[in-house]
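Below: the structure, in structure tokens.
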Amino acid sequence: MAWAGRKGIPTPTFGIDETHWEYSDVSYTYDYGGGAESYRTNSDGPYTHYIDPDHGSATDTANPLGSPSTPRLTVPTTFSAGSVCEIHNAPAYPVSTIGITSSGTSGLPVFIRGTVGGSAKLLGRVYVYGTYFIVENIEFKDADDDLSGGATGQMRFYSPCSYAATRTCNVHGNLNPSGSALTTLGTAESPVTNIVFYDNDVHDNGNWELPPEEDQDIMGTYIAIYSNNIWVLESLYYQNSGSGVQANPWPETDNSYVHHIYIAGNKGYSNKQTAFWTKQSSYVVFSENECYSNALADGDGAGIGYQYSPDNVWIIFNHIHDEQFGIRAGEGASGTVYVIGNDIHDITTDSFNGATGYCHAAINLWGSAVRYVVNNTCHDVPTGYSSVIQAVEHIQNNIFDTINEATGYHIFVNSPDNDSTVKNNSFYDGGSATVIRWGGTSYNLAAFQAATSKGQDCIESDPDFTDPDNSDFTIPTGSPCKDAGDGTLISNIIDTYFAAFGVDIAEDLNGISRPQGSAWDIGAYEFAGTAEIHAEGLRYVMEIAFSEEDIVPTNFYVGLATDNSLLESDTIANLTEVTGTGYARQSVASSDVGFTISDFTTTYGVRLDTVTFTGGAGEFDAAKLAFLSTSDVAGLLIASMPLSTAITVGDGEVLTVSMGMKL
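Position one of the sequence shown corresponds to residue 12 (the numbering used here), numbered consecutively onward.
In structure tokens:
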């Protein structure tokens, strides 16, 4: 269950890579009642406990563990280190809730699991305590299929609890549940910490179609008081009667009670409130989430947001579209917020009011928190950026393109602060003048610059997106946004992030390192050249085009992989590279490549480099594609080319791959 990672997100130390299959190794033993023995195994792997209430011989009497021939009826409430509880069907509950305590260790975690594609269900609230355990492949659902109310499957990580995960679970309830679907809740003496929610489907908890004046506050995942180091990853959140995910230390107001929360790689839509939200908290990161169509009935649906003075909130690299607000903040008097590198488009509303800074916008921030709004792309929006309360706001390197309301603005700052900055932004509205509302006055760009001494190095020009009709807001080589940004502030922000989280975020939404050219590009995407790949008979050619000399990496790797295909955002780390005697990826230096027209001396570009892979004793794994990557630490893929057929290179055999580079 390898996780490819998400931009800016530290990798959790427990909860993703662990698997019960590790216990199939003969070095692991378990005491089934007669002394230590190797783990018992069936088609779905090792197990120590076996639960199936639908089996004719199922019983809990004198049957503490259960087996395939004589399963238990119910799930035990305590598990020793190394336990693997395999659940089938819907175990009975003695009451509507049960408590489960794990005594797992880092070397011997506990697994409470359904089989892959199986029928495991939990129909009541499960309180889980303890350490080092994973709950997976289970459906949490309404107990009696009467969706009007009553008991329903939920999971709550309660103190004391640390190093635990819920993954690949389907969590859905009824129209009137008691509490949120998945919850963390600690105590001052024993916070809940290091919890992972991964690859879950969390939906239909509460009545998400209630009218705006009725609010159940039923979250898909609720990160409550005294919770820290919580990851919510790669999951679906939809049709929940609150937000998909919310961090909130209620009833306390201090933002230190909930901290280091990572919400990344999720999709949130059709939730009654927002997709992803935080209240009083600190060090909260929203990264690479997709949000759309939230709270449409309420008229103020937003993809991501915050309120009540959280601090160190990072909203980075998200894709938000088809909302009424893209990113939104409620009231709050302090803190620092970073809105960096987001792609926000198709924000529309039927209730726009251009007379107020509360107006619908791609980015609408209330309160007096210090804000950094940098390198975002906002297209087809009622207003680009709007704010209400006086605060220091740094609005730099953004694209604000196509304002879809007649009384909308590119920027609307109701109460500007003298220390705010507006620099290196790109404004465009189909040829109409830029409109900036600053304080009580509306300006075009030139008048704004003259009146405020702000707006330095801003441009008014079509950003020339690659394919905006199909939501491709990358920029081509001729875009005026290329190399038109300022790197000073964003470089400081990158350093601040690294100091806080130990992760480098000097990249764009597509994973391209920034900057590539002589300066930062404006917007969420960095221009990085183009790549073309093609095959000629048994000779494979990768043709790479760059826009200018200073963005060509110094060295490349050419290699072979067993994968059929790769994503544009993948790196060497995502490859399953060929192994075999004599195989090694080949390094190709590019430092001596010429950049004048006279250097175009071959069919394939500036220079044609050919590398050969020669098999040694035995043979390589079957190669299914050739790849070209940078040879730096990131190992960014520039091109990958499926071979016409899987090729196995045997002893002394040769496979040739060529790379042509051109400008």
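C-beta atoms are modelled at their ideal positions from N, C-alpha and C, and glycine is treated no differently.
By the beta-carbon neighbour count (other beta carbons within 10 angstroms, threshold 16), ASP42 is exposed. Ranking PHE25, ASP428, GLN467 by CA distance to the CA of SER437 puts GLN467 first. Non-local beta-carbon contacts of ASN187 in its own chain, meaning distances under 6 Å to residues more than five positions away in sequence, involve GLY160 in chain order.
Within the region 270-330, the beta strand (DSSP E) runs of at least 3 residues that lie entirely inside it are, in chain order, 278-280, 285-289, 293-298, 301-303, 313-317, 322-327. As a beta-bridge residue in DSSP terms, THR108 pairs with ARG136. In this structure, VAL385 lies away from GLN401, with their beta-carbon atoms at least 8 Å apart.
Rounded to whole angstroms, the Cβ separation of VAL399 and ASN425 is 5 Å, and the two are in contact under 8 Å. As summarised for the region 354-406, the continuous beta strand (DSSP E) elements at least 3 residues long and confined to that stretch are 354-356, 374-376, 381-385, 388-392, 396-398, given in chain order.
Linking ASP265 to SER379 through their CA atoms gives a straight-line distance of about 17 Å. For secondary structure counted as the beta strand (DSSP E) over 3 or more consecutive residues, the region 162-220 holds these complete runs in sequence order: 165-178, 181-183, 193-196, 203-209, 212-214.
Counting only residues of its own chain and dropping the five nearest sequence neighbours on each side, CYS180 has a CB closer than 6 Å to the CB of ILE149, ASN211. Here DSSP, grouped into helix, strand and coil, assigns ASN239 to strand. The beta carbons of ASN435 and GLY395 sit about 14 Å from each other, so the pair does not count as a contact at 8 Å. In the DSSP annotation of this structure, ILE501 is not part of any beta strand (DSSP E); the continuous alpha helix (DSSP H) holding it starts and ends at 499-512.
THR488 sits in coil when the DSSP states are folded into three classes, being neither helix nor strand. Of TYR280, THR388, PRO260, ASN429, the smallest CA-CA separation from LYS465 is found for ASN429. Taking the CA atoms as reference points, THR289 sits about 54 Å from LEU666. Within the region 47-116, the complete beta strand (DSSP E) segments of 3 residues or longer fall at 47-49, 51-53, 56-58, 60-62, 95-98, 108-114, listed in chain order. Residue state for GLU588 is assigned as strand, using DSSP reduced to three classes. Contact check for ASP333 and TYR303: beta-carbon distance about 4 Å, within the 8 Å limit, so the pair qualifies.
Between ASN282 and ARG339, the C-beta gap is not smaller than 8 Å, which leaves the two residues out of contact. Here DSSP, grouped into helix, strand and coil, assigns TRP32 to helix.
Taking the Cα positions, LEU636 is about 6 Å away from ALA572. For ALA258, the enclosing beta strand (DSSP E) covers residues 256-258. In the DSSP assignment, PHE459 falls within the alpha helix (DSSP H) that extends over 456-463. Rounded to whole angstroms, VAL660 and VAL668 show a C-alpha spacing of 13 Å. With respect to the 8 Å criterion, SER173 and THR142 are classified as neighbours on the basis of their beta carbons. Counting the other Cβ atoms within 10 Å of the Cβ of GLU48 gives fewer than 16, which makes it exposed. Secondary structure note for THR232: its beta strand (DSSP E) is the uninterrupted segment 232-234. Per DSSP, the beta-bridge partners of GLU150 are LYS132, ASN181.
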